[in-house]
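Residue numbers (the numbering used here), protein chains in the order written: chain Y, 1 to 202; chain C, 1 to 202.
Idealized CB from N, CA, C, for every residue including glycine.
To start, the structure itself, in structure tokens.
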DNA sequence: CTCCTTGTTATACACTTGTAAAATTAACCC
DNA sequence: GGGTTAATTTTACAAGTGTATAACAAGGAG
């Protein structure tokens, strides 16, 4: 009975490997198929190591949620930054990025659904969710405000736009046969234009 | 060791009791907490009975999905029917019903999320989902057409409206502190009005 | 080269999982 | 009443669950 050989890794490396394995497992097998052993096997690590880096499997899942939302936020931010200075172009870039990889990814959908399903039962997940969506809406409010939308309407518009994009993203990634990413972008942009109509930049 | 007393029930009664118990369990404990024993205890029945009426726990969950989507469809249909003959009122009734019980119910959210998370891995669930959403969009297309919207735009508008309503419903039931049901209705109605603008009934 | 720290594995444990098969008994027919 | 049927419960089982703990060994310090 020979023991498995192993290498000692940096703490951050191991933590990130476990987080990535958790996301991959949630994406591929759902929350039901994501166990301590499944995660650790995917990370190439024995099951016992999980508790050495996290308080438990629930804590690891919460941490994975935090990391995933951060990745999505960065993808959006990068798209906006690449769009240049024109406010409308920046807003459109933000929306369009939601329907392209890495955001519109079936793996991300599965991961996201797993998190949503924990919001009511897991207080830590609920807190992360509230924070994350507050951040998303805040960013959109800023973009809308830059487009000349009245300040009083920005909050409500950000909520509605978030909802529209979320709904399109959801159906697009759940069942890509109904409509395409391009159609989704076009619908969101049309909504945006009718919203900004009559609210010029000065 | 005395056996539990029991009464023989009609097959439909037992099936519906198990379906309702499944929905309740999904709502309260999530997919992870919904086991054969949890479902059957909730239905007041021993665990072995599940297999007597369903092919297994997965089949029962699929059946619960079918029943749940039917309930939501009926709630929408009832709201539309109660709205009278005016096309715009009917459309608004459809949308508003999405943000009120029994549609905007945290229990329903949990059930729905559990089903969505099975769409990619379970072919039966995927088929039910595709059918259901085709039906929802078809109904909306009819309502939009009655409002005088050009036929060519109806399909795209139905997709976008479904997405907006889904997104608002999702966030409203996930975290009711961000905005109210009335605000959600108002946002959807505003979108509708700007869409129908210039498309009178002639 | 040896010691020591600690990252890592292996094992054990009590519990839950879904399902199969047998044992029971309620309800209906005669 | 007795007999029959099948709905229901009970038990059993192999596999999987999360986690605690002990055993090990990798890699640096001296």
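Take residue 89 (chain Y) and list the residues in its own chain whose beta-carbon comes closer than 7 angstroms to its own, dropping the five residues that flank it on each side. The residue you call residue 89 (chain Y) lines up with position 89 of the first chain. If you ignore the 5 residues before and after residue 89 (chain Y), its C-beta comes within less than 7 angstroms of the C-beta of 83, all in its own chain and listed in chain order.
So with CB distances below 7 angstroms, who are the chain Y contacts of residue 32 (chain C)? Start at 1 with the first residue of the second chain, and residue 32 (chain C) comes out as number 32. Residues of chain Y with a Cβ closer than 7 angstroms to the Cβ of residue 32 (chain C) are, in chain order, 31, 32.
Within 8 angstroms (strictly less), CB to CB, does residue 179 (chain C) reach chain Y? In the second chain, the residue the question calls residue 179 (chain C) occupies position 179. Interface flag for residue 179 (chain C) against chain Y is set, since a Cβ pair is found closer than 8 angstroms.
Rank Y:107, Y:131, Y:92, Y:44 by C-alpha distance to the C-alpha of residue 13 (chain Y) and give the top, closest one. Stepping through the first chain from its first residue, residue 13 (chain Y) is reached at position 13. By alpha-carbon distance to residue 13 (chain Y), the top candidate from Y:107, Y:131, Y:92, Y:44 is Y:44.
Counting only runs that start and end within the segment 87-157 of chain Y, where is the alpha helix (DSSP H) found for 4 or more residues in a row? Counting only runs of 4 or more, we get 87-97, 106-116, 123-146.
Given that residue 204 (chain Y) touches chain C, what residues does it touch there, using C-beta distances under 8 angstroms? Nothing about residue 204 (chain Y) can be read from this structure; chain Y reaches only from 1 to 202.
Helix, strand or coil at residue 73 (chain C) [DSSP, three-state]: Position 73 of the second chain, counting from 1, holds the residue named residue 73 (chain C). The three-state secondary structure of residue 73 (chain C), taken from DSSP, is helix.
Quick check on DSSP: helix, strand or coil for residue 35 (chain C)? Position 35 of the second chain holds residue 35 (chain C). Correct three-state label for residue 35 (chain C): coil.
Within 8 angstroms of any Cβ in chain C, is that where the Cβ of residue 159 (chain Y) sits? Start at 1 with the first residue of the first chain, and residue 159 (chain Y) comes out as number 159. Residue 159 (chain Y) counts as touching chain C.
Here's a check: name, in chain order, each residue in its chain whose Cβ is nearer than 8 angstroms to the Cβ of residue 181 (chain Y), leaving out the five neighbours to either side. In the first chain, residue 181 (chain Y) corresponds to position 181, counting from 1. Result list for residue 181 (chain Y): 99, 100, 104, 172, in chain order.
Leaving out the 5 sequence neighbours to the left and right, which residues in its chain are closer than 7 angstroms to residue 157 (chain C) when beta-carbon positions are compared? Reading the second chain from its first residue, position 157 is the one you call residue 157 (chain C). Only 144, 149, 195 meet the Cβ criterion.
Between residue 166 (chain C) and chain Y, is any beta-carbon pair separated by less than 8 angstroms? Numbered from 1 along the second chain, position 166 holds the residue referred to as residue 166 (chain C). Answer yes: the Cβ-Cβ gap between residue 166 (chain C) and chain Y drops below 8 angstroms somewhere.
What distance in whole Å lies between the Cβ atoms of residue 159 (chain Y) and residue 178 (chain C), which are believed to be in contact at a cut-off of 8 angstroms? Stepping through the second chain from its first residue, residue 178 (chain C) is reached at position 178. Stepping through the first chain from its first residue, residue 159 (chain Y) is reached at position 159. Contact flag correct, Cβ pair sits at about 7 angstroms.
Apart from the five residues on each side of it in sequence, which residues of its chain come closer than 6 angstroms, Cβ to Cβ, to residue 107 (chain C)? As a first step, residue 107 (chain C) must be located in the second chain, where it is residue number 107. Correct list, in chain order: 27.
Determine the direct distance from the alpha carbon of residue 169 (chain Y) to that of residue 189 (chain C), and round the result to whole angstroms. Stepping through the second chain from its first residue, residue 189 (chain C) is reached at position 189. Stepping through the first chain from its first residue, residue 169 (chain Y) is reached at position 169. Straight through space, the alpha carbons of residue 169 (chain Y) and residue 189 (chain C) are spaced by roughly 21 angstroms.
Is residue 171 (chain Y) close to chain C? Criterion is C-beta to C-beta, closer than 8 angstroms. Here the question's residue 171 (chain Y) lines up with position 171 in the first chain. Yes, contact with chain C.
My assumption, with CB atoms under 8 angstroms, is that residue 36 (chain Y) sits in contact with residue 57 (chain Y). Please give the rounded CB distance. Mapped onto the first chain, residue 36 (chain Y) falls at position 36. Mapped onto the first chain, residue 57 (chain Y) falls at position 57. Indeed, because the Cβ distance is near 5 angstroms, the residues count as touching under 8 angstroms.
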